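Student: Sending over a structure as structure tokens; questions will come in a sec.
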Amino acid sequence: MKVFNSLTRKKEEFVPLEPGKVKMYVCGPTVYNFFHIGNGRTFIVFDTIRRYFEYRGYEVNFVQNFTDIDDKMINKANEEGTTVKEIGDKYICEYYQDADGLNIKRATVNPRATEYITDIIEFVKGLVDNGYAYAVDGDVYFRTKKFESYGQLIGQNLDDLQSGARINIDERKEDPIDFAIWKAQKPGEPAWESPWGLGRPGWHIECSCMAKKLLGDTIDIHAGGMDLTFPHHENEIAQSEALTGKKFANYWLHAAFLNVNNQKMSKSLNNFLTARDALKEYDADVIRFLMLSGHYRIQLNFSNELLDSAKASVERLYNAIGNLESLISEVKIEVMTDEEKKYVDSLDSYRQRYIEKMDDDFNTADAISVLFDLARDINTNVTINSSKELCEKALELIRELGMPLGILQKTTKVSLEEEVEALIQARQDARKNRDFALADKIRDDLKARGIILEDTPQGVRWKKAD
Ligand code: AMP
Ligand code: ZN
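Mapping to UniProt numbering: the sequence shown position 85 is 85, numbers consecutive.
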């Protein structure tokens, strides 16, 4: 399997630290609001990558944090006249509702920064003790220049970065490029006791600390949205490696933005659509399909037209599924013929092509094309004259290849209840329109299927005939 490593700017063969296992850390949301589908793209991309590793037989320890203490959290709590803790509790709940709605698998662990304060303080203390950090008036700063390989992820050296940082001069820092890893309490802010007085962690240190605590000093994959490359991830590398003296993450993966009119979807630009609202109108399969229809390292320009075209594409794939589901209950022959067995073997080429595409840095766009080719082949070759076993095998393969993408797992079969309820409603409508012939026909058709309707004062009831 090849993955594009932002650290080396090359596609590299993926070699896990431990055979068959993947230790993966993904920067999660700041939980002060509903997330938008821009954030959703990043979550869906790394959920898909995790699912694909699992499909290929890896056991994935997948950690995605919640940032539940920072300026945005504090401002939101003040706006709403509540505590930072309550804002965190609320939006973590909302996160799960929407992430579940998008068919994003639950992480192995979702650590909350505020639950790791003791470990974070230990981490900061370690950096002060070994000279990589210094305290000033209750703040602690990372001594960036001391970490000589700083800038490796962004691909710039310390001198270039330093001239850029001069704009923001803070007298208390030894160097403008130094960054806060612990922040002294400001009036009204939540704070924890520390060797430097009351304060709270900086954002970058949270991820360094939780990754170390939950996955170890060196992890396989660290991931997040493209905007996190600098300074967040650069700083994480510096802090972690300065403390442990070991390589922090072997592979860095970054997902490109979801844009609107070629600008990043973001809360501040007010050009966002929340996942919650998107899910009111579109199925998770459609939203995931849209996000995965382009390569994860290429920006995707969101529009309603794109969403509608994703919907039409997903419908085409579900038509193939629906067709097979109907055939399974209708075909007359049970067991595959020898010819059919050969045909099933030939379908394996789609699986191979799919794996080839996904093995090449998770090329979901091409993997989706393979799914369409497969569906087309099946639509032509699996018919009412096929065996039930063949229909089942074909359906299994479509679902198998949909699984890593988190799509195509639903059934198109309508339950008897839903179908009868819909027909009862149609009959009521017909009566209202004084189309009694249609109303009677619906009742008679149902009766022929062994379903009896009873008009009662409480409405229409139905039961199966004995
Ligand atoms: P935040 O809650 O802003 O910290 O963002 C959570 C995750 O979503 C981070 O990994 C961001 O990089 C990512 N993200 C934010 N906006 C976008 C966007 N428009 N497209 C893709 N990913 C995004
Ligand atoms: Zn992070």
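All C-beta atoms, glycine included, are put in the ideal place defined by N, C-alpha and C. In this text the structure is predicted, and so the values were computed from the model without any measurement.
If we ignore side chains and look at the alpha-carbon of each, how far apart do K413 and K11 end up?
Tutor: C-alpha separation (whole angstroms): 42 Å.
Student: Whole angstroms is fine: what's the gap from Y58's alpha carbon to D359's?
Tutor: If you take the alpha carbons of Y58 and D359, they lie about 13 Å apart.
Student: Looking at C-alpha atoms only, which residue of A133, S208, M210 is the closest neighbour of A180?
Tutor: Checking every option, the nearest Cα to that of A180 belongs to A133.
Student: Identify every residue that forms a DSSP beta bridge with A211.
Tutor: Beta-bridge pairing links A211 to no other residue.
Student: Around the Cβ of P231, are there at least 16 other Cβ atoms within 10 angstroms (buried) or fewer (exposed)?
Tutor: By the 10 Å Cβ count, P231 comes out buried.
Student: Which residue spans inside the stretch 254–289 form an unbroken alpha helix (DSSP H) run of at least 4?
Tutor: The qualifying runs are 275–281.
Student: Please go through the same chain and pick out, in chain order, the residues whose beta-carbon is closer than 6 Å to the beta-carbon of I117, but skip the five residues on each side of it.
Tutor: Cβ within range, chain order: W192.
Student: Could you give the residue range of the alpha helix (DSSP H) that holds E80?
Tutor: It spans 71–80 - the alpha helix (DSSP H) in which E80 sits, taken as one unbroken run.
Student: Is P201 helix, strand or coil by DSSP?
Tutor: P201 falls in the strand class under three-state DSSP.
Student: Name the DSSP bridge partner or partners of W252?
Tutor: Answer is H222, bridged to W252.
Student: Would you be able to state if there are at least three C-beta pairs under 8 Å between the stretch 229–246 and the stretch 259–267?
Tutor: No, because fewer than three Cβ pairs between the stretch 259–267 and the stretch 229–246 fall closer than 8 Å, the two stretches do not touch.
Student: What is the residue span of the alpha helix (DSSP H) that D139 lies within?
Tutor: Not the alpha helix (DSSP H): D139 falls in the beta strand (DSSP E), residues 139–142.
Student: Below 6 Å CB to CB, which residues in the same chain sit around A256 once its five sequence neighbours on both sides are set aside?
Tutor: Closer than 6 Å at the Cβ level, and outside the excluded window around A256, lie M226, R297, I298, Q299.
Student: Compute the distance between the beta-carbons of L408 and I398, then report whether it is under 8 Å.
Tutor: Yes, the Cβ-Cβ distance between L408 and I398 is below 8 Å.
Student: Are there 16 or more other CB atoms within 10 angstroms of the CB of V60, so buried, or fewer, so exposed?
Tutor: The residue in question, V60, is buried, as its Cβ has 16 or more Cβ neighbours within 10 Å.
Student: Taking the Cβ atom as the reference point for each residue, do I37 and A278 lie within a distance shorter than 8 Å?
Tutor: It is a contact, given that the beta carbons lie within the stated cut-off.
Student: Are the CB atoms of D220 and P19 nearer to each other than 8 Å?
Tutor: For D220 and P19, no; Cβs fall outside 8 Å.
Student: Any chance the CB of C391 is under 7 Å from a heavy atom of the ligand AMP?
Tutor: No, the Cβ of C391 stays beyond 7 Å of every heavy atom of the ligand AMP.
Student: With hydrogens ignored, establish whether the beta-carbon of C93 is closer than 7 Å to any heavy atom of the ligand AMP.
Tutor: Flag unset: Cβ of C93 not near the ligand AMP.
Student: Closer than 5 Å from C-beta to any heavy atom of the ligand ZN: which residues, in chain order?
Tutor: Ordered along the chain, the selected set is C27, C207.
Student: What do you reckon, is the C-beta of G450 under 7 Å from a heavy atom of the ligand AMP?
Tutor: No - the ligand AMP has no heavy atom lying nearer than 7 Å to the Cβ of G450.
Student: Can you list, in chain order, the stretches of the alpha helix (DSSP H) that have 4 or more residues and sit fully within the stretch 401–438?
Tutor: Those alpha helix (DSSP H) runs which fall completely within the stretch 401–438 and span 4+ residues are 416–432.
Student: Using DSSP with H/G/I as helix, E/B as strand and the rest coil, what is D170?
Tutor: Coil at D170, not helix or strand.
Student: Based on the DSSP secondary-structure assignment, which residues constitute the bridge partners of S387?
Tutor: Bridge partners of S387: I333.
Student: Return the residue from the list Y32, S386, L401, A211 that minimises the CA-CA distance to D348.
Tutor: Nearest of Y32, S386, L401, A211 to D348, Cα basis: L401.
Student: Assuming L7 is part of the beta strand (DSSP E), what are its boundary residues?
Tutor: Run containing L7: none; DSSP gives neither H nor E here.
Student: Which residue wins for smallest C-alpha separation from S326, given the options E392, D338, M336?
Tutor: When only C-alpha atoms are compared, the closest one is E392.
Student: For F257, verify whether its CB is less than 7 Å away from any heavy atom of the ligand AMP.
Tutor: Flag set: Cβ of F257 near the ligand AMP.
Student: Counting Cβ pairs closer than 8 Å, one from the stretch 373–390 and one from the stretch 313–321, do we hit at least three?
Tutor: Yes: the two stretches touch, three or more of their Cβ pairs being nearer than 8 Å.
Student: Near N5, which residues of its chain fall below 7 Å by C-beta distance, leaving aside the five closest residues on each side in sequence?
Tutor: The residues are E12, Y251, W252.
Student: Fully enclosed by the stretch 21–100, which beta strand (DSSP E) runs are 3 residues long or longer?
Tutor: Segments of the beta strand (DSSP E) lying fully in the stretch 21–100: 21–26, 59–64.
Student: Could you give the residue range of the alpha helix (DSSP H) that holds F372?
Tutor: Per DSSP, F372 belongs to the alpha helix (DSSP H) from 364–381.
Student: With 16 other CB atoms within 10 Å as the buried threshold, where does P201 fall?
Tutor: Counting Cβ neighbours within 10 Å, P201 comes out buried, since at least 16 surround it.
Student: Considering only heavy atoms of the ligand AMP, does any lie closer than 7 Å to the CB of N39?
Tutor: N39: yes, Cβ under 7 Å from the ligand AMP.
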